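Peer 1:
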Amino acid sequence: MAVKCGGDKLPAILISGGAHSTEHAGALATVEVIERLQTKHVVWVVPARDPIGLSGYRHALSLGLGKSPELESVDGLDDFLRRHGEVLIDADGTLLVMIGEYGYANRGLLHKIEKGAAVLDPLRGRRIWYASQRNDTPGSAPLERAYTLIVTPDGEILHLNRFHDTRWAPAEVRCLRNLMSEVRPGLTFDLHEHDHGPFFWMSARKQRTEDDEIWERRMVTEAVRAVAAGGSELAPDSYSPGSFFERLERGVFWLDAGKRGEGLNLVDFAAKQYGPGFTIETGMQCPFEERVRQHLLVVQTAVSVFEQRYA
Ligand SMILES: [Zn+2]
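First residue of the sequence shown: 2, per the working numbering; consecutive thereafter.
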């Protein structure tokens, strides 16, 4: 589902959330944007990049079972999966079973199973769901959301914020790619959350042209300063989200997809093909309402700078 809003000026702005369904403040913020964002530009909002995951683990289970599961809490999950599925992995606390044509796990498997491992052969080109792991985050309780993993045709476990530049891609990503080729966004946002603390950070991308890069820097700098001025905590100086990030200023990192591998995510792809874009990462240990507010503030601040560019 995509919602067209904003004004009628081009280039268009694309705002996406919920690529990881457990990051619910970002998904909610994209819905708020529909009524609250002030801009003359056309805006396309995609609030739920993972509709199945957003519908929860019981819904995901129903797709494999062919009926609603009799499962009221995450406590009985391991027994339930063993009873209803064909067990592929059951070792060291990790359980992965196949029910129908889908995989179901009791925990996250990203970077945990080697690419091409024979145990994943029956799931190549298919999905694995696991239940949300947090008890203390509104909108992301266990069973309330399911995190979607994708097993690539060559047996690598990835997730729905990949596959933007690959020949093979799951349907959810293909829909977004089609929308992008139609609307050609001049500015793209992807709203996420991280699990490393209560603090805020966001990532920018190196751009194809000098002009795009000047505006990329201007937008990200003003946006992160607005978040700090609003009293929110930025990522501490000692924090690094990963080896493929390079710090630009406090709370802002360049993301180098070439160093990361795994293909391009939404904003990597936007930078390669269309222009400026940002991934926003609010801290899941920060109150829910504040995280929604941070997302809205970044989007509105960057959009105001974007308007100056096309004034
Ligand atoms: Zn995310």
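Virtual Cβ for every residue (Gly too), placed ideally from N, Cα, C.
Please read these numbers as outputs of a predicted model, since none were measured by experiment.
If you draw a straight line from the alpha carbon of Val-46 to that of Val-299, how long is it in whole angstroms?
Peer 2: For this step, residue 46 is matched to residue 45 along the sequence shown. For this step, residue 299 is matched to residue 298 along the sequence shown. Approximately 15 Å, taken between the alpha carbons.
Peer 1: Confirm the yes/no value for this check: CB of His-21, any heavy atom of ligand 1, distance under 8 Å.
Peer 2: Within the sequence shown, residue 21 is the residue found at index 20, counting from 1. At least one heavy atom of ligand 1 is nearer than 8 Å to the Cβ of His-21, so yes.
Peer 1: Would you say the beta carbon of Glu-24 comes nearer than 8 Å to a heavy atom of ligand 1?
Peer 2: Residue numbering aside, residue 24 sits at position 23 when the sequence shown is read from its first letter. Within the cutoff, so yes.
Peer 1: Give me the DSSP bridge partner(s) of Arg-248.
Peer 2: The sequence position of residue 248 within the sequence shown is 247, counting from 1. Per DSSP, Phe-254.
Peer 1: Between the Cα of Asp-257 and those of Gly-243, Glu-250, Ile-16, spot the shortest distance and give me the residue it belongs to.
Peer 2: Counting from 1 along the sequence shown, the entry for residue 257 is found at position 256. Measuring from the Cα of Asp-257, the nearest candidate turns out to be Gly-243.
Peer 1: Would you tell me roughly how many angstroms separate the C-alpha atoms of Ala-26 and Gly-156, rounded to the nearest one?
Peer 2: Walking along the sequence shown from the start, residue 26 turns up at place 25. Walking along the sequence shown from the start, residue 156 turns up at place 155. The straight-line gap from Cα to Cα measures roughly 31 Å.
Peer 1: Skipping 5 residues on each side, what residues in its chain have a beta carbon closer than 7 Å to that of Ser-141?
Peer 2: Working through the sequence shown from its first residue, we reach residue 141 at position 140. For Ser-141, where only same-chain residues beyond five positions count, the Cβ hits under 7 Å are Thr-23, His-25, Ser-133, Arg-135.
Peer 1: Helix, strand or coil for Leu-96, going by three-state DSSP, please let me know.
Peer 2: By one-based count along the sequence shown, residue 96 stands at place 95. Here Leu-96 sits in strand by DSSP.
Peer 1: Answer yes or no: does any C-beta atom of chain D fall closer than 9 Å to that of Ile-158?
Peer 2: This model lacks chain D altogether; it includes just one protein chain.
Peer 1: Could you tell me the alpha carbon to alpha carbon distance between Ile-114 and Gln-39, rounded to whole angstroms?
Peer 2: Your numbering for residue 114 matches position 113 in the sequence shown. Your numbering for residue 39 matches position 38 in the sequence shown. So the alpha carbons of these two residues sit roughly 45 Å apart.
Peer 1: Which of the three DSSP states is assigned to Trp-216 in this structure?
Peer 2: As a first step, residue 216 is located in the sequence shown; it is residue number 215 there, counting from the start. Looking at Trp-216 - three-state DSSP - the assignment turns out to be helix.
Peer 1: Let's test the definition: count the other Cβ atoms within 10 Å of the Cβ of Met-181 and tell me whether it reaches 16, buried, or not, exposed.
Peer 2: Taking the sequence shown and counting its residues from 1, one reaches residue 181 at position 180. By the neighbour-count rule (16 or more Cβ atoms within 10 Å), Met-181 is buried.
Peer 1: Going straight from the alpha carbon of Val-253 to that of Val-4, what length do you get?
Peer 2: Locating residue 253 in the sequence shown gives position 252, counting from the first residue. Locating residue 4 in the sequence shown gives position 3, counting from the first residue. For Val-253 and Val-4, the distance between alpha carbons rounds to 29 Å.
Peer 1: Specify the secondary structure class of Glu-87 as computed by DSSP and reduced to three states.
Peer 2: Mapped onto the sequence shown, residue 87 falls at position 86. Residue state, collapsed to three classes: strand.
Peer 1: Which residue wins for smallest C-alpha separation from Leu-78, given the options Ile-90, Ala-230, Asp-212, Arg-59?
Peer 2: As a position in the sequence shown, residue 78 is number 77, starting the count at 1. Looking at the Cα atoms, Arg-59 is the closest of the given residues.
Peer 1: In angstroms with no decimal places, state the Cα-to-Cα distance between Asp-213 and Gly-276.
Peer 2: Sequence index remark: in the sequence shown, residue 213 carries index 212 (1-based). Sequence index remark: in the sequence shown, residue 276 carries index 275 (1-based). Their backbone Cα atoms lie some 6 Å apart in a straight line.
Peer 1: Could you give the distance in angstroms between the alpha-carbon of Asn-107 and the alpha-carbon of Leu-66?
Peer 2: Indexing the sequence shown from 1 puts residue 107 at position 106. Indexing the sequence shown from 1 puts residue 66 at position 65. Straight-line Cα distance between these residues: approximately 16 Å.
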